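Encoded as structure tokens, the structure appears first; notes follow it.
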Amino acid sequence: MKTMKIILSCCALAVLVSACGSPRQLQPYRYWFKEGVSQEATADQVGHCRHEVRASDLSREQAAKLIGYCMRAKGYIVMTGYR
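As structure tokens, this is what we get:
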């Protein structure tokens, strides 16, 4: 019985140590960028584009495509970041 407790304790310790030692995976995300424009102004532009294309009346894919056209027409580019 004592041997079983030791084995289980060692296994639990090994799992904890391996979880702490593994590097955190960075997750990619996409965002709109335009030189000299704040995040707040960019969010406003996305909102205007959503309104212009009537995104709420479209499928998610169609809305994303049209919002993308609108934002690119205003000089924004899509960037990828990691967090």
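Letter by letter, the sequence shown follows residues -21 to -1, 1 to 62 of mature numbering (1 follows the signal peptide of the UniProt record, and there is no 0).
Even glycine gets a Cβ: it sits at the ideal position worked out from N, Cα and C.
Everything numeric in this text was worked out from a predicted model, so none of it was measured.
What separation, rounded to the nearest whole angstrom, lies between the Cα atoms of residue i and residue j?
i: residue 63; j: Pro2; result: The structure shown has nothing for residue 63, since the chain only spans -21 to 62.
i: residue 149; j: Val(-7); result: Because the chain is modelled from -21 through 62, residue 149 falls outside the range shown and cannot be assessed.
i: residue 64; j: Cys28; result: With the chain covering only -21 through 62, there is no way to say anything about residue 64.
i: Glu19; j: Lys(-17); result: 57 Å
i: Ala52; j: Val25; result: 12 Å
Determine the extent of the alpha helix (DSSP H) in which residue i is found, giving its start and end residues.
i: Gly26; result: 18 to 31
i: Lys44; result: 39 to 52
Assuming residue i is part of the beta strand (DSSP E), what are its boundary residues?
i: Gly60; result: 56 to 61
i: Arg9; result: 7 to 12
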